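Residues in the sequence shown are numbered consecutively from 0, following numbering that gives the first Met the number 0.
Quick reminder that beta carbons are idealized off the backbone N, C-alpha and C, glycines included.
Note that the structure is a prediction, hence the values are computed from the model and not measured.
Below is one structure; the comments refer to it alone.
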Amino acid sequence: MTIFDDEFNRIFKKMSNSFFQIDDIFEEFKTNGPSAGPYYYGYTMTVGPDGKPVVKEYGNVKPELAPASSTREPMVDSIIDEKEKVVKLVAEMPGVEKSDVKILVQGKSVDISAEHNDKKYHVNVPIEFHVDENSAKASYKNGILELVFKLVEDEKPKGKRVEVE
């Protein structure tokens, strides 16, 4: 074994121990309680000045104690295609069927939701571009929802130029 393997094993054991100290976690929760959200928790791994990895735990709540919501917010990307003159919204919602997806376009936002068995998704996406909401077309395949809108060209200001006599 190399020094790196020994160090890796030590770090892995340290990380694993924190997952198995459930009694300590619950005791800490009873005593202090979680702070008001947002809730976050994780590990950072950096290299110390001596060249050895340093793992630190951070956050205000352990993952086992984080409040669980039955509704998830899907990952959504907004893509503008200048060449095609369209805006695409792409949302990842695995585990639902096409018939479960509901989309509501209202003004400058799109409300996307889906529910199938224990999978529930909901997100409200603001649209930053001027689009024709009547041009919306949606497709859903393999857990990916793609919603396409045509861009509307900004209207030029109307008016009449008046010459001064």
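- Query: If you drop the 5 nearest sequence neighbours on each side, which residues of the same chain put their C-beta closer than 6 Å to that of residue 131?
  - Reply: Within the same chain, and ignoring the five residues on either side of residue 131 in sequence, the residues whose Cβ sits closer than 6 Å to its Cβ are 149, 151.
- Query: Would DSSP call residue 78 helix, strand or coil?
  - Reply: Strand, per DSSP.
- Task: Rounded to whole angstroms, what's the CA-CA distance from residue 135 to residue 85? Just pull it up for me.
- Result: One C-alpha to the other measures close to 10 Å.
- Using DSSP bridges, identify the partner residues of residue 41. Answer is 57, bridged to residue 41.
- To which residues of the same chain is residue 71 closer than 6 Å at the C-beta, ignoring the five residues directly before and after it? So the list reads 120, once near-sequence residues are dropped.
- Task: Please list the segments of the alpha helix (DSSP H) lying wholly inside the segment 114 to 140, counting only runs of 4 or more residues, in order along the chain.
- Result: List check, alpha helix (DSSP H) in window: nothing returned.
- In angstroms, rounded to a whole number, what distance separates the CA positions of residue 58 and residue 44? If I take the Cα positions, the gap works out to 14 Å.
- Query: From 99, 47, 46, 164, pick the residue whose C-alpha is nearest to that of residue 143; which is it?
  - Reply: The shortest C-alpha separation from residue 143 is found at 99.
- Helix, strand or coil at residue 160 according to DSSP, with G and I counted as helix: Looking at residue 160 - three-state DSSP - the assignment turns out to be coil, as it is neither helix nor strand.
- Message: With DSSP as the reference, identify every bridge partner of residue 71, one or two as the case may be.
- Response: Looking at the DSSP assignment, residue 71 forms a beta bridge with 120.
- Going by DSSP, which residues form a beta bridge with residue 52? Residue 52 is bridged to 46.
- Any idea which residues DSSP pairs residue 101 with across the strands? Answer is 112, bridged to residue 101.
- Cβ-based neighbour list, residue 112, same chain, cut-off 6 Å, excluding 5 preceding and 5 following: Cβ neighbours of residue 112 within its own chain (closer than 6 Å, five residues either side excluded): 101, 121.
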